[in-house]
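*Asks:* In our numbering, the protein residues as written are 1 to 458. The C-beta atom is built at its ideal place from N, Cα and C for all residues, glycine as well. Just so it is clear, the structure is predicted and the values come from calculations on it, not from any experiment. Sharing a structure, written as structure tokens. Questions coming.
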Ligand code: ATP
């Protein structure tokens, strides 16, 4: 039974709260501006997505190394990168109801025009097109003006404001030289990082799609400025799409959107968004940008450090590398995994909700049940099985309610396998293993259980 798209978001939001995936944060204090906590299963899911990414892009590749930089960095970095002056969104207020909106989004939604960056044209269009306030329906706007999206804070001993990083990339550029000097990396190579980023979005929303505090997985991939970069750019797009597929997405739900040349920053040769068909329509999931030598050159100029690369394989040719920047949002990846997995099915005369996660990202891999809660010998045997598996897989022990209910609970959180210990187990050392998707139950020997799971889960 496919879930109607309009209903899907609402279902996912309430499902996530009910089943321990994502909770609205600070609820006991009346909530807090689009802040969410990942609950026990959501945390496992998110960690599995990050682990999968780290394996694919760092552990499995000889040309990419990892980094874990700080959230608060020297404020000079953000001046050099242009963030203090240019990391702005256009905001506009309704003079009647005082609600604030993204001016470019209002214009685009009501006229289809993309006026991003042109405050004058946005202000004018809001008036000439009589764009209505989505909150109160009037059309009485302030001028559109820029709003810097970086969060500021204070730090002991520092006189100027310190920023919470609005992207993880900055920390990579400031450590480019340290990585060059300490590792045997040769161009082309990448530096990857996973971590929190903070943006004071004018309007956050769509659940975990647009947050003010979120996580990114980013790579700066340094290349020779003389190389023919186009095939590598396309390869990166393919690899990014492969990652979306690994989250369980359908190919038809993935699209590429190339930014028009006239909208690109002056240093970018090409920027493409990977869009996903979220319940509210196609929107940016990941991005890939060719940023030229902008970042390293700016940081070299502002810091006075030589950030050039000496190419020993080419007569010690010295150059500032160009960079391709594939960027992935963690929270948007979680939303893709949930959207793609959420299924409602009719089984006999009952219906079941099942999250058909790819096994690699499922929060719980194996659930272990004693058939009856009050039979000590079944419970202790089931605990033994749990102990024998817990070092290899994320397991859950459940002895609550009848077996049918326990299966449904595990289906709902997307657990690929359930193992039941019953009276026969005590006689012949066999268990029932039940598959989430086919719901087929097999009887296998306890001695072969771990091999079976290794074969099917890893
Ligand atoms: P958008 O156009 O949706 O605001 P962006 O183009 O500003 O996104 P980037 O600066 O390219 O986004 O950031 C890289 C990635 O970080 C995005 O592709 C997205 O996955 C994620 N991301 C950006 N902003 C947010 C946010 N406010 N909440 C959650 N994830 C975000």
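Have a look at residue 87 and residue 63 and give me their C-alpha separation to the nearest angstrom.
*Replies:* Approximately 31 Å, taken between the alpha carbons.
*Asks:* At a cut-off of 6 Å, would you count residue 286 as near the ligand ATP, judging by its Cβ distance to the nearest heavy atom?
*Replies:* Result yes, Cβ under 6 Å from the ligand ATP.
*Asks:* Give a yes or no on whether the C-beta atoms belonging to residue 360 and residue 52 are separated by under 7 Å.
*Replies:* A contact, by the Cβ cut-off of 7 Å.
*Asks:* Taking residue 7 as part of the alpha helix (DSSP H), name the residues at either end of that continuous run.
*Replies:* Here the alpha helix (DSSP H) through residue 7 covers 5-18.
*Asks:* Can the beta-carbon of residue 478 be found closer than 7 Å to that of residue 354?
*Replies:* No answer is possible for residue 478: it lies beyond the span of the chain, which begins at 1 and ends at 458.
*Asks:* Suppose the cutoff is 8 Å on Cβ atoms and the five residues either side in sequence are ignored; what does the same chain contact list for residue 381 look like?
*Replies:* Answer for residue 381: 370, 421, 425 and 426, listed in chain order.
*Asks:* Less than 6 Å between the CB of residue 258 and some heavy atom of the ligand ATP, yes or no?
*Replies:* No, since every heavy atom of the ligand ATP falls outside the 6 Å radius drawn around the Cβ of residue 258.
*Asks:* Is the beta carbon of residue 205 within less than 6 Å of some heavy atom of the ligand NAP?
*Replies:* For the ligand NAP, the structure offers nothing, since it holds only the ligand ATP.
*Asks:* Please classify residue 370: does DSSP put it in a helix, a strand, or coil?
*Replies:* Correct three-state label for residue 370: strand.
*Asks:* Could you check which residue in 37, 375 and 28 has the C-alpha nearest to that of residue 16?
*Replies:* Residue 37 is the option with its Cα nearest to residue 16.
*Asks:* Measuring CB to CB, does residue 441 end up less than 7 Å from residue 329?
*Replies:* Against a cut-off of 7 Å, the Cβ pair of residue 329 and residue 441 comes out as no contact.
*Asks:* Applying the criterion that 16 or more other CB atoms from any shown protein chain within 10 Å of the CB defines a buried residue, is residue 32 buried or exposed?
*Replies:* Classification of residue 32: exposed, given that the 10 Å Cβ count is below 16.
*Asks:* I'd like to know if the segment 160-173 and the segment 75-89 are in contact, where contact means that at least 3 CB-CB pairs between them fall below 8 Å.
*Replies:* Counting Cβ pairs under 8 Å, three or more are found: they touch.
*Asks:* Would you decide whether residue 453 is buried or exposed? Buried here means 16 or more other CB atoms lie within 10 Å of its CB.
*Replies:* When all chains shown are included, residue 453 counts as buried.
*Asks:* Give the secondary structure of residue 307 by DSSP, where H, G and I count as helix, E and B as strand, and everything else as coil.
*Replies:* Residue 307: coil per DSSP, three-state reduction.
*Asks:* Hey, could you find the ends of the alpha helix (DSSP H) residue 396 is sitting in?
*Replies:* No alpha helix (DSSP H) holds residue 396; the beta strand (DSSP E) holding it covers 395-397.
*Asks:* With 16 as the cutoff for other CB atoms within 10 Å, does residue 97 come out buried or exposed?
*Replies:* Its Cβ having fewer than 16 others within 10 Å, residue 97 is exposed.
*Asks:* Can you name, in chain order, every residue of its own chain whose Cβ lies under 8 Å from the Cβ of residue 377, other than the five neighbours on each side?
*Replies:* Cβ within range, chain order: 426.
*Asks:* Run through the segment 39-109 for me and flag every whole alpha helix (DSSP H) of 4 or more residues, listed as ranges in chain order.
*Replies:* Counting whole runs of 4 or more residues, the segment 39-109 contains the alpha helix (DSSP H) stretches 40-54, 75-80 and 83-86.
*Asks:* With a cut-off of 8 Å, do at least 3 Cβ pairs link the segment 289-296 to the segment 9-29?
*Replies:* Contact between the segment 289-296 and the segment 9-29 is absent, because fewer than three Cβ pairs lie under 8 Å.
*Asks:* Once DSSP output is grouped into helix, strand and coil, what is the label at residue 28?
*Replies:* Three-state DSSP puts residue 28 in a helix.
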